[in-house]
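Please read the structure below before turning to the comments.
There are 2 protein chains.
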Amino acid sequence: MDALSHSAQDYLEAILVLSLERGQARVKEVAEFLGVKKPSVVAAVKGLMSKGLVKHEHYGYLELTPRGLAMARDIYHRHQTIYRFLHRILGVEATTAERDACQIEHYISSKTLARLVKFVEFVESFPDSEEDPKWLHYFKRYAERGEPPPCALDKCPRGGEKVKSLSELKVGETGVIKRVKGEEVLKKRLLTMGAIPGTQVRVEKVAPLGDPMEISLKGFHLSLRREEAQNIEVEVE
Amino acid sequence: MDALSHSAQDYLEAILVLSLERGQARVKEVAEFLGVKKPSVVAAVKGLMSKGLVKHEHYGYLELTPRGLAMARDIYHRHQTIYRFLHRILGVEATTAERDACQIEHYISSKTLARLVKFVEFVESFPDSEEDPKWLHYFKRYAERGEPPPCALDKCPRGGEKVKSLSELKVGETGVIKRVKGEEVLKKRLLTMGAIPGTQVRVEKVAPLGDPMEISLKGFHLSLRREEAQNIEVEVE
DNA sequence: CAGGATTGTTAGGTCTATCTAACAATCTTG
DNA sequence: CAAGATTGTTAGATAGACCTAACAATCCTG
Numbered sequence: 035m036d037a038l039s040h041s042a043q044d045y046l047e048a049i050l051v052l053s054l055e056r057g058q059a060r061v062k063e064v065a066e067f068l069g070v071k072k073p074s075v076v077a078a079v080k081g082l083m084s085k086g087l088v089k090h091e092h093y094g095y096l097e098l099t100p101r102g103l104a105m106a107r108d109i110y111h112r113h114q115t116i117y118r119f120l121h122r123i124l125g126v127e128a129t130t131a132e133r134d135a136c137q138i139e140h141y142i143s144s145k146t147l148a149r150l151v152k153f154v155e156f157v158e159s160f161p162d163s164e165e166d167p168k169w170l171h172y173f174k175r176y177a178e179r180g181e182p183p184p185c186a187l188d189k190c191p192r193g194g195e196k197v198k199s200l201s202e203l204k205v206g207e208t209g210v211i212k213r214v215k216g217e218e219v220l221k222k223r224l225l226t227m228g229a230i231p232g233t234q235v236r237v238e239k240v241a242p243l244g245d246p247m248e249i250s251l252k253g254f255h256l257s258l259r260r261e262e263a264q265n266i267e268v269e270v271e
Numbered sequence: 035m036d037a038l039s040h041s042a043q044d045y046l047e048a049i050l051v052l053s054l055e056r057g058q059a060r061v062k063e064v065a066e067f068l069g070v071k072k073p074s075v076v077a078a079v080k081g082l083m084s085k086g087l088v089k090h091e092h093y094g095y096l097e098l099t100p101r102g103l104a105m106a107r108d109i110y111h112r113h114q115t116i117y118r119f120l121h122r123i124l125g126v127e128a129t130t131a132e133r134d135a136c137q138i139e140h141y142i143s144s145k146t147l148a149r150l151v152k153f154v155e156f157v158e159s160f161p162d163s164e165e166d167p168k169w170l171h172y173f174k175r176y177a178e179r180g181e182p183p184p185c186a187l188d189k190c191p192r193g194g195e196k197v198k199s200l201s202e203l204k205v206g207e208t209g210v211i212k213r214v215k216g217e218e219v220l221k222k223r224l225l226t227m228g229a230i231p232g233t234q235v236r237v238e239k240v241a242p243l244g245d246p247m248e249i250s251l252k253g254f255h256l257s258l259r260r261e262e263a264q265n266i267e268v269e270v271e
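Residue numbers (the working numbering), protein chains in the order written: chain X, 35 to 271; chain B, 35 to 271.
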C-alpha cells in the first residue's frame, strides 16, 4: 500500500487525539481541530477508508481501525517526541511547540527521529538532582539572559591569548584572520567572501544584538551574521 | 509583497548555494540540485523574477538580486542552524541531516528557530576543555551504546525506594501505580487507558528493546511504548 | 410534531507544484 | 561551417489539498 500523504497523516492523528479526549470523533470536530472545512474532512476520510484505516458510517462517527490506530499512534509518538524536545528542552512556549511539532513531524526522517527520541530520553532520564540536568538549566539561563555557564567563567578555553572570534571584537578593533572554523559548506562560503587566514579585518559596525556585523576586509565591506563571525578566529592587533 | 512559498524558498536557496560553490547558477544545475525537471525551474524562476528576487536573461545564468540575496541568506542561515543541530549535536549522519534540514527549515517558526540558534550557540561556544561539552559527550555515548552518564551511576535520583518507572519492571513483576508524569496530553491519554494511581499492574511481555510493553491492568491488556511506561511510577510488590 | 438549526455530503471549482512532449537556442566537434 | 548534442523554453497536463455552493440528514425546541 502507498505511504500516507502528510495531509492524510494529519487527519489520522486528529481522529486519534479527539477519540482519546472525547471518546469519539466527528467530521465537524476534525474540521475545527485541523482548521479546514467539513467537505475537506469528508474527502480525506474517504481516502483513509479506502486504505482500511478508518471506519465511518454515513452521517456517523469516525473510528480508527486497528491498523489505523497503530499508524496514528506512530504519528502521534513522533509528534510527542518533537513537542517534548521543543517545549521541555528548548523551552519553546507550548502553543508554538505544538504547532511546530505538527508541521515538522512529517519531514523528519526515521533516523533523525530515533536520535531525537534518544536525546529526549537522555535529558529526561538523567536529571541530576533537579528536574533538569545542570547543563540544560545553564542553557535556559543562557537563552533567556545571555549568561554563560559557570565553566566558561572559571576556565576559558582560549585563556590569555590575544586570539578571539571575530564576533568578540568591538567597533574599531582590527585583527588578522588566523583560522576559519565550522562546517565545510560554511567555511567554503566564508572563504569565498574573502575570509582567508592572514587577511586583516576591521570591525566597522555592530548591530544592537551583535547581528549582523559590518566588517571591512581587503577594502571590501562584508555583512556577517554573528554565527559566521564566531567561526572566524582573529589575532587582535 | 506576499511571503514566499516553501518551494520558492528552496529555489532561492539552491541558487545561492550554487552561486557560492560554482560562481554561477544555471537552470540545469538548479534542477539537479533540487531533483526536479528543468521546466519546473524555469516556472519557479519566473515567479521569483516577478518578485524582484532573481535576474535571469533569456537562456542565461540565474542571478540573485540584492533583495534575493538577503532573503536567500536568511533561508540558508535557518538551514545551517538546523543542520548543525542535527549533525553536530544530535549526531545524525551528514547526508540525512542535510536532507532533513532542507525540509524542516520551512516549518519551524521564528520563535523556535531563535531558540534553536541559542541552543547551537550554547553548545558550540562553551565546549569545556574538549570540542563537545561533557554532557553532549555523555549523550553521544548514551545514544550509541546506551551507557548512562556518570552522574546517574553515583547518584540515583530515586535511590533506595521501591518506586520505579513501569519501564524498569521485568516480565512477571507487579506493582501499584503511584504517579503518572509527563505532559497533560500524554497523562490524559494514559489515564483514559486506565493508568490511575492505586491500580495494580503486571508486566506480561516486553519486546526486545523494551518497546512496546504488554501490561495487564484491571483485567485488561495494554500495549505501551517505552516512553509511555517511563511516565508511570509504580511501587514494586 | 413541525420547523428551524446544525451537521454531513456531493459536485464542481481553484491554486500550487510538479510533469511530459515538443520545439528553440546555444555549444561542440568532426 | 554544418550537424549533432546539450541546455533552455513553452504549452498543456496531472495530482494533491483545499474551497464554495447547494442540498440531505439529523437533532432540538417551542
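Every residue gets a Cβ at the ideal spot worked out from N, C-alpha and C, and that includes glycine.
Between Glu97 of chain B and the set B:Glu207, B:Val126 and B:Ser53, the nearest pair of CA atoms involves B:Ser53. Inclusion of Lys80 of chain X and Lys72 of chain X in the CB contact set at 8 Å is not warranted, their separation being larger than that value. Listed along chain X, the residues sitting closer than 8 Å to Asp134 of chain B by beta-carbon distance are Tyr141, Ile142, Ser143 and Thr146.
Val70 of chain X has a beta carbon lying at 8 Å or more from every beta carbon in chain B.
Think of a sphere of 8 Å around the beta carbon of Phe67 of chain X: no beta carbon from chain B falls inside it, the nearest being about 13 Å out. DSSP places Gln137 of chain B inside the alpha helix (DSSP H), whose first and last residues are Ala128 to Ile138.
Around the beta-carbon of Lys152 of chain B, 16 or more other beta-carbon atoms lie within 10 Å, marking it buried.
For Pro242 of chain X, there are no C-beta contacts with chain B under 7 Å, since the nearest C-beta of that chain is about 15 Å from it.
Against chain B, the CB of Glu91 of chain X has no partner CB under 8 Å away; the residue lies outside that interface. By the CB criterion at 8 Å, Leu203 of chain X and Val157 of chain X fall outside the cutoff. Using a CB distance cut-off of 8 Å, Gly125 of chain B counts as an interface residue toward chain X. Fewer than three pairs of CB atoms, one per stretch, sit closer than 8 Å, so the segment 102-115 of chain B makes no contact with the segment 132-144 of chain X.
With a 10 Å radius around the Cβ and a threshold of 16 neighbouring Cβ atoms, Thr146 of chain B comes out buried. One Cα belongs to Leu258 of chain B, the other to Pro246 of chain B, and the distance between them is close to 5 Å.
Your pair Thr233 of chain B and Ile249 of chain B does not check out as a contact, with CB atoms roughly 11 Å apart and the cut at 8 Å.
A distance below 6 Å between beta-carbons, with the five flanking residues on each side excluded, links Arg175 of chain B to the following residues of its chain, in chain order: Glu181. Bounds of the alpha helix (DSSP H) holding Val51 of chain X are His40 to Arg56. Ala131 of chain B is not a Cβ neighbour of Leu46 of chain B, given a cutoff of 8 Å. Using a Cβ-Cβ cut-off of 8 Å, Ile230 of chain B does not count as an interface residue toward chain X, since no Cβ of chain X sits closer than that to its own. Under the Cβ criterion of 8 Å, His40 of chain B is not counted among the residues facing chain X. What Arg118 of chain X touches in chain B, judged by beta-carbon distance under 8 Å, is Glu217, going in chain order. Interface flag for Pro167 of chain X against chain B is set, since a Cβ pair is found closer than 8 Å.
CA-to-CA, the gap between Arg56 of chain X and Ser143 of chain B works out to about 30 Å. At least 8 Å separates the beta-carbon of Val154 of chain B from that of Glu269 of chain B.
Pairing Glu267 of chain B with Gly125 of chain B, the inter-Cα distance amounts to about 31 Å.
Under the Cβ distance rule, Ala48 of chain B does not count among the residues neighbouring chain X, no pair being separated by less than 8 Å. In the DSSP assignment, Val210 of chain B falls within the unbroken beta strand (DSSP E) covering Thr208 to Val214.
Chain B places no beta carbon closer than 8 Å to that of Tyr45 of chain X, leaving this residue out of the contacts.
Glu97 of chain B is bridged by DSSP to B:Lys89.
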